[in-house]
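**Student:** Protein chains in written order, with my numbering: chain A, 324 to 438; chain B, 1001 to 1116.
From the three backbone atoms N, C-alpha and C, an ideal C-beta is built for every residue, glycine too.
One structure, pasted below without further comment.
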Amino acid sequence: AQTVTQSQPEMSVQEAETVTLSCTYDTSESDYYLFWYKQPPSRQMILVIRQEAYKQQNATENRFSVNFQKAAKSFSLKISDSQLGDAAMYFCAYRSSQGAQKLVFGQGTRLTINP
Amino acid sequence: EPEVTQTPSHQVTQMGQEVILRCVPISNHLYFYWYRQILGQKVEFLVSFYNNEISEKSEIFDDQFSVERPDGSNFTLKIRSTKLEDSAMYFCASSVQPTSGVETQYFGPGTRLLVL
């Protein structure tokens, strides 16, 4: 079974600085998808960024980018120019490319932005 | 922008009672999911639903749980006889099968269930 681990329960960063959230996963599959979801306080989870494992190029969405290291099974999220609105719980998630559509989540990292 | 909605936002019930959690997925979505998060633990998959039947379920989703799409808009999760350990945040999600690539699951805000 696949597992996802986020080893940083909490992180904080100064506004306008850059922060990296860590995620590692374990799988025996070669093709899969990885996601970062953001959950602001009392709001629903929204997708931040996703990566297909067969793509070597790291995904980027505006200020958000990932460092996908397939051999190391690592999928970190970098947030550049942090803004107050980035404060949230961030979840890393894994989805198999075959059959099962369920997402397997990490424990989450709570990100605080200091003004 | 369309959103997944869930009702109620909070539910308190007595152990052994039945509860029904309701979700309205995004209107053109065809795949529906329930996840839960016990306080301090990971978000866990419960069940996925497509074409009016369960497509996958986890070990957590035992005979006490059921899902239904009673009409064209609602997607419900029923817990027949609640236990203390069912206390959790329950998230509904929906997705549409894309023509290429992987689908995105859109989540609702959750229902916080407390079993006393």
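#1: So Glu1056(B) contacts chain A; which residues on that side make the cut at Cβ distance below 9 Å?
#2: Could you tell me which chain B residues have their CB closer than 7 Å to the CB of Glu352(A), listed as they occur along the chain?
#3: Say whether the stretch 417-427 of chain A touches the stretch 1011-1024 of chain B, bearing in mind that this needs 3 or more beta-carbon pairs closer than 8 Å, one atom from each stretch.
#4: So what does DSSP say about Asp1086(B), is it helix, strand or coil?
#5: Can you tell which of Gln1037(B), Tyr1050(B), Asp1062(B), Ile1038(B) has the C-alpha that lies nearest to the C-alpha of Glu1068(B)?
#6: Pull up the CB-CB distance for Ser1087(B) and Val1047(B), whole angstroms please, since I reckon it's below 8 Å.
#7: Using the C-alpha atoms, what's the distance from Glu340(A) back to Leu400(A)?
#8: For Gln362(A) versus Ala416(A), is the C-beta distance shorter than 8 Å?
#9: For Ala985(B) and Gln337(A), what's the separation of their Cα atoms in angstroms?
#10: Given this structure, state the Cα-to-Cα distance separating Tyr360(A) from Thr1005(B), to the nearest angstrom.
#11: With C-beta atoms as the reference, is Gly431(A) less than 8 Å away from Gln367(A)?
#12: With a cut-off of 8 Å on the beta carbons, I'd call Thr1013(B) and Thr1111(B) a contact; round off their distance for me.
#13: Check distances from the C-beta atoms of the stretch 367-401 of chain A to those of chain B and list, in chain order, the residues that come in under 8 Å.
#14: Is there at least one non-hydrogen atom of the ligand SAH closer than 7 Å to the beta-carbon of Ser419(A)?
#15: Which same chain residues, not among the five before or five after Phe1061(B), have their C-beta less than 7 Å away from its C-beta?
#16: Out of curiosity, what's the CA-to-CA distance linking Arg1080(B) and Phe1065(B)?
**Tutor:** Per the coordinate set shown:
#1: Gly422, Ala423, Gln424, Lys425
#2: Residues of chain B passing the Cβ test: none, with the nearest at roughly 14 Å.
#3: no
#4: helix
#5: Tyr1050(B)
#6: With a Cβ gap of about 18 Å, Ser1087(B) and Val1047(B) do not count as contacting.
#7: 14 Å
#8: no
#9: Nothing in the structure corresponds to residue 985(B), since chain B is present only between 1001 and 1116.
#10: 18 Å
#11: no
#12: Thr1013(B) to Thr1111(B), Cβ: 11 Å. No contact.
#13: Gln367, Met368, Ile369, Leu370, Arg373, Glu375
#14: With respect to the ligand SAH, the structure shown offers nothing to examine, as it has no ligands at all.
#15: Leu1046, Val1047
#16: 6 Å
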